[in-house]
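Residue numbers (mature numbering (1 follows the signal peptide of the UniProt record, and there is no 0)): -17 to -1, 1 to 404. From the three backbone atoms N, C-alpha and C, an ideal C-beta is built for every residue, glycine too. Each remark here refers to the structure printed beneath this line.
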């Protein structure tokens, strides 16, 4: 009778057998690297229906692909390798990798996954708990913290940028203080709690009018019970503070204009906050296309929240303004022109100068440069002739220079005026 009752409880009305969740494997103490000769405890916790079977549920243990002889709920191990466990009727648990070191210094990291917003604790440990002095922690070969003696390095709220390879170094007194020793590098990965949200249009609010938008994101399967809150923004203005609801109704008057919205998802403690891309709502007279706004990557995601959004508002036009054509041939300053000789519209004030205007502005400087070049040419010609025919330039006593009338000028050479020193 009891066996029949258990069978009825395990088979739902749909005819499919109940599926159990995989057990949770934990490590105590929670460090994956240990010294040679040390022991750690593995514990396998799984969910079992009360009437799964009448006899106690046993646990299966695996080291790699090898089945271990123990069937207890927890075991002590000191052999390196990958451990898994399994309970009757449930899938195999996630693995835990145990490393055994024979170094003087080891860096211990948590066995469980570290998610965004959670603390990340690293422990630099000396051989059999010997004190470590002048302790340095490194992240991707860069020193991040220094301690005078043994201490844990903690990142209060881990981020994806905290992922990488960590290492520590220090000295130990064995019995005198040793030279700096380094631990092996250990890889650490900070898991994403949830991806950046996407703001989508879900439909029109029939009761109050307007459009309903939803801030969509998805939590990591291991953290699906983490509560999230959502806030909504119009450009840079907050339109709804953080709340548990993931939907917001845009009022009807704002729907009739081209507006940009975005949302923000965060944990209750605000340790993790992420923004969505912009969503451009269609303006007045444009049909609301739900297929395009609910696509995985909306076209409005081209702008990041830090950029300035485009505004598509039409400037207000005053209908009482006097038309320009009401007073013909009269400018704004009151000057009148004869009929048919009204001034034509010139280039805008901010238009760049044309190349011809730039050349005209440089013409005086170019003329001066040409004159100086001609003068220099004459002087060089005179020096060349003086070197070739010294007799053509007889020296005069008391006169340091030769008059231009007595200088011999070769055919084809332009006569230049005399330049005094």
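**Backbone CA spacing between residue 433 and residue 3 [nearest angstrom]** = Beyond the ends of the chain as shown, which are -17 and 404, falls residue 433; an answer cannot be given.
**Prompt:** Taking residue 100 as the reference, which of 23, 46, 173 has the closest Cα?
**Reply:** Looking up residue 100 in the chain shown gives position 117. Answer by Cα proximity: 173.
**Request:** Provide the residue span of the beta strand (DSSP E) that contains residue 231, from first to last.
**Result:** One-based indexing of the chain shown puts residue 231 at position 248. Residues 230 to 233.
**Prompt:** Is residue 92 near residue 17, with beta carbons less than 8 Å apart?
**Reply:** As a position in the chain shown, residue 92 is number 109, starting the count at 1. As a position in the chain shown, residue 17 is number 34, starting the count at 1. No, Cβ-Cβ distance for residue 92 and residue 17 is not below 8 Å.
**Request:** Spell out a yes or no on whether the region 110 to 120 and the region 48 to 64 are touching, meaning 3 or more CB-CB pairs, one atom from each, closer than 8 Å.
**Result:** no
**Message:** Using 8 Å for Cβ pairs, my map puts residue 9 next to residue 26. What's the rounded Cβ distance?
**Reply:** Here residue 9 refers to the residue found at position 26 when the chain shown is read from its first residue. Here residue 26 refers to the residue found at position 43 when the chain shown is read from its first residue. Contact flag correct, Cβ pair sits at about 5 Å.
**Request:** Kindly indicate the opening and closing residues of the beta strand (DSSP E) around residue 247.
**Result:** In the chain shown, the residue the question calls residue 247 occupies position 264. Here the beta strand (DSSP E) through residue 247 covers 243 to 250.
**Request:** Go ahead and label residue 199 buried or exposed: buried means 16 or more other beta carbons lie within 10 angstroms of its beta carbon, across all protein chains shown.
**Result:** As a position in the chain shown, residue 199 is number 216, starting the count at 1. Buried, by the Cβ-count rule.
**Asked** Are there 16 or more other CB atoms within 10 angstroms of the CB of residue 231, so buried, or fewer, so exposed?
**Response** Within the chain shown, numbered from 1, the residue matching residue 231 stands at position 248. It counts as buried.
**Item:** Any beta strand (DSSP E) of 3 or more consecutive residues that is wholly inside the region 125 to 169
**Value:** Scanning the region 125 to 169 for uninterrupted beta strand (DSSP E) segments of 3 residues or longer gives 125 to 132, 136 to 138, 147 to 154, listed from N- to C-terminal end.
**Message:** Please report the straight-line C-alpha distance between residue 48 and residue 123, rounded to a whole angstrom.
**Reply:** By one-based count along the chain shown, residue 48 stands at place 65. By one-based count along the chain shown, residue 123 stands at place 140. Going from the Cα of residue 48 to the Cα of residue 123 covers about 33 Å.
**Prompt:** Helix, strand or coil: how does DSSP classify residue 3 here?
**Reply:** For the purposes of this step, residue 3 is identified with residue 20 of the chain shown, where counting begins at 1. Looking at residue 3 - three-state DSSP - the assignment turns out to be coil, as it is neither helix nor strand.
**Asked** In chain order, what residues of the same chain have a beta carbon less than 7 Å from the beta carbon of residue 64, not counting five sequence neighbours either side?
**Response** Residue 64 sits at position 81 when you count from the first residue of the chain shown. Same-chain partners within the cutoff: 46, 47, 81.
**Asked** Closest by CA to residue 149, which one among 355, 158, 156, 138?
**Response** Start at 1 with the first residue of the chain shown, and residue 149 comes out as number 166. Ranking 355, 158, 156, 138 by Cα distance to residue 149 puts 138 first.
**Prompt:** In whole angstroms, what separates the C-alpha of residue 78 from that of residue 216?
**Reply:** Against the chain shown, residue 78 aligns to sequence position 95. Against the chain shown, residue 216 aligns to sequence position 233. Using only the alpha carbons, I get a separation of about 43 Å.
**Request:** Using alpha carbons as the reference points, say which of 366, 146, 113, 259 lies closest to residue 98.
**Result:** Along the chain shown, read from residue 1 onward, the residue named residue 98 stands at position 115. The option with the nearest alpha carbon to residue 98 is 146.
**Prompt:** Is it buried or exposed for residue 108, if we count other Cβ within 10 angstroms and need 16 for buried?
**Reply:** What you label residue 108 is simply residue 125 of the chain shown in a count that begins at 1. So residue 108 ends up on the buried side.
**For residue 242 and residue 184, the rounded distance between their alpha carbons** = Within the chain shown, the letter at position 201 stands for residue 184. Within the chain shown, the letter at position 259 stands for residue 242. C-alpha separation (whole angstroms): 13 Å.
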